[in-house]
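Asker:
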Amino acid sequence: MTLTRVLTSKWTKVAVFAIGLLPLASLGWKELHGELTANPIEFITHATGDWTIRFLIITLAITPLRKITRVPQFIRFRRMLGLFAFFYACLHFTTYIGLDKFFNLSEIWKDVQKRRFITVGFAAFVLMIPLALTSTAGAIRRLGGKRWQALHRLVYVSAVLGVIHYYWLVKSDVRKPLQYAWMVGLLLLFRLGAWIIGRGKSSGSTSNSSTALPVTAESG
Amino acid sequence: MLTRKAPELTYSDVTPKDVYLNRRKFLMGIAGAAVTGAAVIAYKKFARAVSLPAGPNTLASKLTGVIQGPYSTDEKPNTLNDVTHYNNFYEFGTGKEDPAQNAQKFVTSPWAVSVEGEVSKPRKFSMAEIMKLAPLEQRIYRHRCVEAWSIVVPWIGFPLSVLINLVQPTSRAKYVAFESYYDVRQMPLGPDAGISLPYAEGLRLDEAMNPLALLTVGMYDQTLANQDGAPVRIVVPWKYGFKSAKSLVKIKVVDSQPATTWNEANAQEYGFYSNVNPNVDHPRWSQATERRLGEFRKRSTLMFNGYGDQVASLYNGMDLKKYY
C-alpha cells in the first residue's frame, strides 16, 4: 500500500523532522528581518509556547489517527513529535528564565509559587522531562512496555496543564486557549471512549470481532 | 475484536533500525538548531539598528506650531514604528500588531467630543475646535503598560484641565468619565475582545485637572495614528496605559466613581486608580520591573512611573495597596 510505503520511508521521517523545525526557522527569519514586533522576547515566548501546545496536540492525535485509519505506521512519528513538543517547551522555558528573568532564580521560584499560571506551566514542563528522558527504545525495554506506557500517560496531564497555563495567562480574549482546550479535550475523550469500549470487550461481553470498532484496548 | 496490548509493540517492531539509530542525528540537529537560534538572537541584539522605516501612516498629517511643553523626559523616545505597531486597542483586535493592521480604515472625521454632566456649560466640541482651544505642546512622556512593557512617546496636546475648565464643573463634580468611540461596523473585532465596549475609563476630578494629564491630539509631530487613538485621547502618564482612553467621544463630569472597562472585567487585577506602582503586583505578574521596548534588560519600574513629584500629593494618606 502506497500510504504505508510513504509512512515507512525514512525520507518521510526526515521531512517531518524538517517541518518540526519550521517554527524555529520562522522565528530566526523574522528576527533577521526585524519582524518580531517591538517586543521580540514576548513574541518568542508566545510563539514557542504556542508550538509546544500544538506539538502536544499533534502528538496526542497520532493514536486516534492510527486507530481510526487503521494505519499503525503513523506511530513512527509519535516520538519525534513528542520530542518536538518537549523541544519547544525547553525553548519556551529557557526564554522565560533567561530572557525574561535573566536567570534570577529567586525571582523565578517566587513566580512559580505565587503565580498560578506559572505554577501549572512549570508543572506541565517538569512532567515532560521524564518522558523525554525515557523516549529511547532502551528505556522502553528497561522499564517494560506496561510501565513505560503508564509513565507516558503523564503527557495527558502536561497537555491539560499547558492549556490551563495559557487560559490563565490571557487578559480577556480566551478564544485561542479555548480552541486548544477543545482539541485536547476531544483527544482525551477519544481515549476515554476507547478505554470504556475496550474494558467492555475484555470482560467478554462481545463476540463480534469482524466489525471491530477502529479502537482497541491499547491506549497511547 | 483485535485488542492488542501496546507493550508488545515497541518501536523496534515498527521502526527500521537505521531510522531509529538516526535519533542521534536528530538530537544533534535539535541542539544545532537551538544554538543557531540563540546565535541569531544574540547577533540581532548587538546588531540591532533602529529597524524598519515607519510603516505607512498616510492618514496622519503634520502638526505645525507645536511648542515644547513642560514635564518632558530626556529619555530617548521609541521609534514611531514601534509605538504604532505594538500596542493595545482591543476594538481593533487583541494582538499587539492587530491595531496597526485593522485601524487603517478607521474613519475619524468628522468627529466631535461631547463634554457634559456636572458642568454649567455642557458642550459638544468639534475636532477643529479642540485643536484651537490651547497652544499645542509636545510632551515626551514615559508610558507604562500594565503588561510590564513601556515606551517613551513624544505626545502632542494640551492639559485636559483646559477643556474641563471651559465647561465649568459644578460643586457636585468629583470624577470624570471618559467614553471611547465604538461602532461594530468600524470595529468588527470588538465583540471578540472579551471586554465590554464602548471602552470606559475614569479619573478623579483632581487627577484629571493635574497638569500632567494631557488631552492628546498628536504624536511625533503628526496627528495621532488611528491605532493610537485618533483623533483625540487622553494620556495619563503616571497610571498604567489602559487608563489613557483612546478615540474619545464623551467626557462626562460626574459625582461618583464611574464604572471603568478593565475594572469591570476583572476588579482584582485592574483597580480604578491603577497608578504605576512597583510595590503592588498584578496578581499574575510582578510590576517591579518593565521591559522598555527596544531594550534587552528589564528596568526597574518607578513609583508613579517617575511622576511622583507632580502627583504623589494627590494620594496623601491613601493606602495604595488597597486603592491599587
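The listed protein sequences derive, respectively, from chains A and B. Numbering follows the numbering used here, with no gaps: position 55 of the first sequence is 272. Numbering follows the numbering used here, with no gaps: position 245 of the second sequence is 325. Beta carbons are placed, not taken as given, at the ideal position from N, Cα and C, and that holds for glycine.
1. Do you know offhand how far residue 390 of chain B's Cα is from residue 191 of chain B's?
2. Taking the straight line between their C-alpha atoms, what separation do you get for residue 347 of chain B and residue 240 of chain B?
3. With DSSP as the reference, please indicate the residues paired to residue 328 of chain B in a beta bridge.
4. Taking 6 angstroms as the limit between beta carbons, can you name the residues of its chain near residue 303 of chain A, skipping five residues before and five after?
5. Could you give the uninterrupted runs of the alpha helix (DSSP H) lying entirely in the segment 344-424 of chain A, keeping only those of 4 residues or more?
6. Am I right that residue 171 of chain B and residue 279 of chain B are in contact with their C-beta atoms under 8 angstroms? What's the rounded C-beta distance?
7. Using a beta-carbon distance cut-off of less than 9 angstroms, what residues from the segment 249-265 of chain A approach chain B?
8. Skipping 5 residues on each side, what residues in its chain have a beta carbon closer than 7 angstroms to that of residue 313 of chain A?
9. Return the first residue and the last residue of the alpha helix (DSSP H) that residue 241 of chain B is part of.
10. At a Cβ cut of 9 angstroms, what residues of the segment 269-281 of chain B count as close to chain A, listed as they run along the chain?
11. How should residue 372 of chain B be labelled, buried or exposed, when 16 other C-beta atoms within 10 angstroms of its C-beta is the threshold for buried?
12. How far does the beta strand (DSSP E) with residue 204 of chain B in it extend, from its first residue to its last?
13. Would you mind reading off the limits of the beta strand (DSSP E) that contains residue 280 of chain B?
14. For a quick check, are the C-beta atoms of residue 199 of chain B and residue 237 of chain B less than 8 angstroms apart?
15. For the alpha helix (DSSP H) holding residue 299 of chain B, just list the boundary residues, first then last.
16. Would you call residue 281 of chain B buried or exposed, if buried means 16 or more other Cβ atoms sit within 10 Å of its Cβ?
17. In angstroms with no decimal places, state the Cα-to-Cα distance between residue 380 of chain A and residue 347 of chain A.
18. What span of residues does the alpha helix (DSSP H) with residue 309 of chain A cover, start to end?
19. Please work out which residues of its chain come closer than 7 angstroms, Cβ to Cβ, to residue 158 of chain B, disregarding the five sequence neighbours upstream and downstream, and give them in chain order.
20. May I have the straight-line CA-CA distance separating residue 193 of chain B from residue 300 of chain A, to the nearest angstrom?
21. Output the distance between the C-alpha atoms of residue 292 of chain B and residue 219 of chain B, rounded to the nearest integer angstrom.
22. Cβ of residue 261 of chain B less than 8 angstroms from any chain A Cβ?
23. Please decide whether residue 177 of chain B counts as near chain A, where near means a Cβ-Cβ distance under 8 angstroms.
24. Any beta carbon of chain B sitting closer than 8 angstroms to that of residue 283 of chain A?
25. Where does the unbroken alpha helix (DSSP H) through residue 248 of chain A begin, and where does it stop?
26. Establish whether the CB of residue 135 of chain B and some CB of chain A are separated by less than 8 angstroms.
27. Closest Cβ-Cβ distance between residue 221 of chain A and chain B: below 8 angstroms?
28. Please tell me whether residue 394 of chain B has its Cβ less than 8 angstroms away from any Cβ of chain A.
29. For residue 244 of chain A, which of A/395, A/333, A/308 has the nearest alpha-carbon?
30. With DSSP collapsed to three states, give me the class of residue 235 of chain B.
31. Can at least three beta-carbon pairs, one atom from the segment 313-328 of chain B and one from the segment 347-360 of chain B, be found at a separation below 8 angstroms?
32. Can you tell which of B/155, B/312, B/304, B/201 has the C-alpha that lies nearest to the C-alpha of residue 247 of chain B?
Answerer: This is what the structure holds:
1. What you label residue 390 of chain B is simply residue 310 of the second sequence in a count that begins at 1. What you label residue 191 of chain B is simply residue 111 of the second sequence in a count that begins at 1. Those two C-alpha atoms are separated by around 32 angstroms.
2. Your numbering for residue 347 of chain B matches position 267 in the second sequence. Your numbering for residue 240 of chain B matches position 160 in the second sequence. So the two alpha carbons sit approximately 26 angstroms from each other.
3. On the second sequence, position 248 is the one that residue 328 of chain B refers to. Answer by DSSP bridge pairing, in chain order: B/260.
4. Position 86 of the first sequence, counting from 1, holds the residue named residue 303 of chain A. Residues 345, 349 of the same chain have their beta carbon placed closer than 6 angstroms to that of residue 303 of chain A, with the five preceding and five following residues left out of the count.
5. DSSP runs (the alpha helix (DSSP H)) wholly in the segment 344-424 of chain A: 354-360, 362-369, 371-386, 392-419.
6. As a working note, residue 171 of chain B is residue 91 in the second sequence. As a working note, residue 279 of chain B is residue 199 in the second sequence. Going by Cβ atoms, the distance from residue 171 of chain B to residue 279 of chain B rounds to 7 angstroms, so yes, they are a contact pair.
7. Answer in chain order: 249, 250, 251, 252, 253, 254, 255, 256, 257, 258, 259, 260, 261.
8. Within the first sequence, numbered from 1, the residue matching residue 313 of chain A stands at position 96. Excluding positions up to five away in sequence, the list reads 262.
9. By one-based count along the second sequence, residue 241 of chain B stands at place 161. Under the DSSP assignment, residue 241 of chain B falls in the alpha helix (DSSP H) whose first and last residues are 240-247.
10. Listed by position, the residues of the segment 269-281 of chain B near chain A (Cβ gap below 9 angstroms) are 272, 273, 274, 275.
11. Sequence index remark: in the second sequence, residue 372 of chain B carries index 292 (1-based). Here residue 372 of chain B is buried. Its C-beta has 16 or more other C-beta atoms within 10 Å.
12. Residue 204 of chain B sits at position 124 when you count from the first residue of the second sequence. Residue 204 of chain B: member of the beta strand (DSSP E) spanning 203-206, first to last residue.
13. As a position in the second sequence, residue 280 of chain B is number 200, starting the count at 1. The continuous beta strand (DSSP E) containing residue 280 of chain B extends over residues 280-284.
14. The residue labelled residue 199 of chain B in the question sits at position 119 within the second sequence. The residue labelled residue 237 of chain B in the question sits at position 157 within the second sequence. Against a cut-off of 8 angstroms, the Cβ pair of residue 237 of chain B and residue 199 of chain B comes out as no contact.
15. Counted from its first residue, the second sequence places residue 299 of chain B at position 219. It is not in any alpha helix (DSSP H) - residue 299 of chain B instead sits in the beta strand (DSSP E) that spans 294-299.
16. Looking up residue 281 of chain B in the second sequence gives position 201. With 16 or more Cβ atoms within 10 Å of its Cβ, residue 281 of chain B is classed as buried.
17. Within the first sequence, numbered from 1, the residue matching residue 380 of chain A stands at position 163. Within the first sequence, numbered from 1, the residue matching residue 347 of chain A stands at position 130. Distance between the alpha carbons of residue 380 of chain A and residue 347 of chain A: 20 angstroms.
18. The residue given as residue 309 of chain A occupies position 92 in the first sequence. 295-311 is the span of the alpha helix (DSSP H), which, as asked, contains residue 309 of chain A.
19. Here residue 158 of chain B refers to the residue found at position 78 when the second sequence is read from its first residue. Hits under 7 angstroms: 231, 232, 233, 373, 374.
20. Indexing the second sequence from 1 puts residue 193 of chain B at position 113. Indexing the first sequence from 1 puts residue 300 of chain A at position 83. Computed Cα separation, rounded: 57 angstroms.
21. Locating residue 292 of chain B in the second sequence gives position 212, where the first residue counts as 1. Locating residue 219 of chain B in the second sequence gives position 139, where the first residue counts as 1. The straight-line gap separating the alpha-carbon atoms of residue 292 of chain B and residue 219 of chain B is approximately 9 angstroms.
22. Taking the first residue of the second sequence as 1, we reach residue 261 of chain B at position 181. Chain A, which has no Cβ nearer than 8 angstroms to the Cβ of residue 261 of chain B, makes this no.
23. The residue labelled residue 177 of chain B in the question sits at position 97 within the second sequence. Yes, because at least one Cβ of chain A sits closer than 8 angstroms to the Cβ of residue 177 of chain B.
24. Working through the first sequence from its first residue, we reach residue 283 of chain A at position 66. Judged by the 8 angstroms Cβ criterion, residue 283 of chain A is not in contact with chain B.
25. Locating residue 248 of chain A in the first sequence gives position 31, counting from the first residue. Residues 227-249.
26. As a first step, residue 135 of chain B is located in the second sequence; it is residue number 55 there, counting from the start. Low confidence applies to residue 135 of chain B: its pLDDT is 44, below 50, so where it sits in the model is not reliable, and the reading given next is rough at best. Cβ-Cβ to chain A under 8 angstroms: no for residue 135 of chain B.
27. Here residue 221 of chain A corresponds to residue number 4 of the first sequence, with the count starting at 1. At a cut-off of 8 angstroms between beta carbons, residue 221 of chain A makes no contact with chain B.
28. Here residue 394 of chain B is taken as the residue at index 314 of the second sequence, counted from 1. With its beta carbon at least 8 angstroms from every one in chain A, residue 394 of chain B lies outside the interface.
29. As a position in the first sequence, residue 244 of chain A is number 27, starting the count at 1. Considering only alpha carbons, the answer is A/308.
30. Position 155 of the second sequence, counting from 1, holds the residue named residue 235 of chain B. For residue 235 of chain B, the three-state secondary structure derived from DSSP is strand.
31. Contact holds: three or more Cβ-Cβ distances are below 8 angstroms.
32. Your numbering for residue 247 of chain B matches position 167 in the second sequence. Selected option, being the one with the closest Cα: B/201.
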